[in-house]
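Asker: Structure below; questions to follow.
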Amino acid sequence: MRTRTLALAAASGAALLAAATLTPAAEASPVPGTASAAAPRADSGTADRAGAGIKEGSVSAADLLAKVTSCSQISNGKYRTDEETSATIPVCGKNGAVFWKADMDIDCDGRITTACNANTDPWFQDDTAFHASDDKPLSAEKLPYVVVPSSSSIWNYSSAGIKGGGVVAVVYNNKVEYAVVGDTGPSKIIGEASYATAKALGIDPDPETGGADSGVTYILFKNSKVSPIESHSAAVTAGEALAKQFLQNN
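Just so we're on the same page, the working numbering is the position in the sequence shown counted from 1, plus 1460.
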């Protein structure tokens, strides 16, 4: 895991710009052959069971990992996992998804909570690139979300069909956690997810000392979108269907 630097301060500017152009939560974009990502109710920014040790869905980590053993690189270059490391991580393409294998740094940005605030996180920013249905920042403590690199000459996530609120399967230590695309980060660094994502996967979620040094696989499903973005139950429902389709198509 990296020691985050002032690069994140620059990234927060991009986050604010992205948030300013985001429209309130729209209907989920269904993927042919899958269940809709729309939720029957909002979860008020809370993860239904993040960290509870409950298995999410029936698709196994092993089955997902078996489909991402080789990389067809779609990024123009590679990313660093830390400010001080060399660029070794490509973004890879598959049918219906993109993926990368990296570390996990802890993003505590967004709503001020007990676990995520300026006292617990030296790099804390009180905003996220994408907002909840009440147009407020997401809660990193309660909502499993993934951070994508800000668009650059290396890779433009939106051009690849990745959206704010898009569904992500995060795989670590034989566990699968469904999350959403919730924030953007530095343009040259990859491998970051929210406090809630880490906690659900059994990773130390401390934003300053926690995270995982390696072994995390992020599978982002193209043209998917959870509505409302803060409904973790909607992400799980959509993620289960998208993961099954991913296995069929790859």
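Glycine included, every Cβ here is placed at the ideal spot set by N, Cα and C.
To the nearest angstrom, report how far apart N1616 and S1610 are at their CA atoms.
Answerer: Cα-Cα distance, rounded: 7 Å.
Asker: Tell me the residue span of the beta strand (DSSP E) that contains V1630.
Answerer: 1627-1632 is the span of the beta strand (DSSP E), which, as asked, contains V1630.
Asker: Considering Cα atoms alone, identify which of I1663, Y1539, A1522, I1572 is closest to E1601.
Answerer: Among I1663, Y1539, A1522, I1572, the Cα nearest to that of E1601 is on I1572.
Asker: Under 7 Å Cβ to Cβ from P1582, same chain only, skipping five residues before and after it: list those, please.
Answerer: Closer than 7 Å at Cβ, skipping near neighbours: E1668.
Asker: Does A1653 pass the burial test, meaning 16 or more other C-beta atoms within 10 Å, or should it be called exposed?
Answerer: The residue in question, A1653, is buried, as its Cβ has 16 or more Cβ neighbours within 10 Å.
Asker: When the Cβ atoms of the segment 1548-1568 are set against those of the segment 1669-1689, are three or more pairs found closer than 8 Å?
Answerer: They touch, by the three-pair rule.
Asker: Between the alpha carbons of D1587 and S1520, how many angstroms are there, rounded?
Answerer: Cα to Cα, D1587 sits roughly 33 Å from S1520.
Asker: Report yes or no: do the segment 1690-1701 and the segment 1545-1552 share at least 3 C-beta pairs separated by less than 8 Å?
Answerer: They do not touch, by the three-pair rule.
Asker: What span of residues does the alpha helix (DSSP H) with S1693 cover, start to end?
Answerer: S1693 -> alpha helix (DSSP H) spans 1692-1709.
Asker: Relative to the C-alpha of T1580, which candidate in C1568, H1591, A1589 has its C-alpha closest?
Answerer: Residue C1568 is the option with its Cα nearest to T1580.
Asker: In the DSSP assignment, what are the bridge partners of G1570?
Answerer: DSSP, once it has assigned bridges, lists S1599 as partnering G1570.
Asker: May I have the straight-line CA-CA distance separating D1542 from S1599, to the nearest angstrom?
Answerer: Taking the straight line joining both Cα atoms gives about 24 Å.
Asker: Suppose you measure from the CA of I1614 to the CA of A1660; what does that come to, to the nearest Å?
Answerer: Cα to Cα, the separation comes out at about 30 Å.
Asker: Could you work out which residue in T1529, S1619, D1565 is closest to D1666 when comparing CA atoms only?
Answerer: Selected option, being the one with the closest Cα: D1565.
Asker: Which residues in the same chain as A1522 place their Cβ atom closer than 6 Å to its Cβ, once the five residues preceding and following it in sequence are excluded?
Answerer: None.
Asker: Starting from A1656 and walking both ways along the alpha helix (DSSP H), at which residues does that stretch end?
Answerer: 1655-1660 is the span of the alpha helix (DSSP H), which, as asked, contains A1656.
Asker: One question on the structure: do A1562 and V1641 come within less than 8 Å of each other, judged by their Cβ atoms?
Answerer: No, Cβ-Cβ distance for A1562 and V1641 is not below 8 Å.
Asker: Does the distance from the CB of T1657 to the CB of P1604 come in under 8 Å?
Answerer: Against a cut-off of 8 Å, the Cβ pair of P1604 and T1657 comes out as a contact.
Asker: When DSSP labels each residue in this structure, what does S1496 get in the three-state scheme?
Answerer: For S1496, the predicted model reports a pLDDT of 40, less than 50, meaning its position is unreliable and no value from the coordinates is stated.
Asker: Leaving aside the five residues before and after Y1655 along the sequence, list all residues of the same chain whose C-beta is less than 8 Å from its C-beta, in chain order.
Answerer: Closer than 8 Å at the Cβ level, and outside the excluded window around Y1655, lie I1566, D1567, C1568, A1575, C1576, A1600, E1601, P1665, P1667.
Asker: Assuming I1663 and G1651 make a contact with CB atoms under 8 Å, what is their CB distance in whole Å?
Answerer: About 12 Å separates the two Cβ atoms, so there is no contact after all.
Asker: Can the beta-carbon of K1685 be found closer than 8 Å to that of K1623?
Answerer: Yes.
Asker: Determine whether the beta carbon atoms of E1637 and V1630 lie at a separation below 8 Å.
Answerer: Against a cut-off of 8 Å, the Cβ pair of V1630 and E1637 comes out as a contact.
Asker: D1523 lies in the beta strand (DSSP E); which residues open and close that run?
Answerer: Taken as a continuous stretch (DSSP letters only), D1523 belongs to no beta strand (DSSP E), being part of the alpha helix (DSSP H) at 1521-1526.
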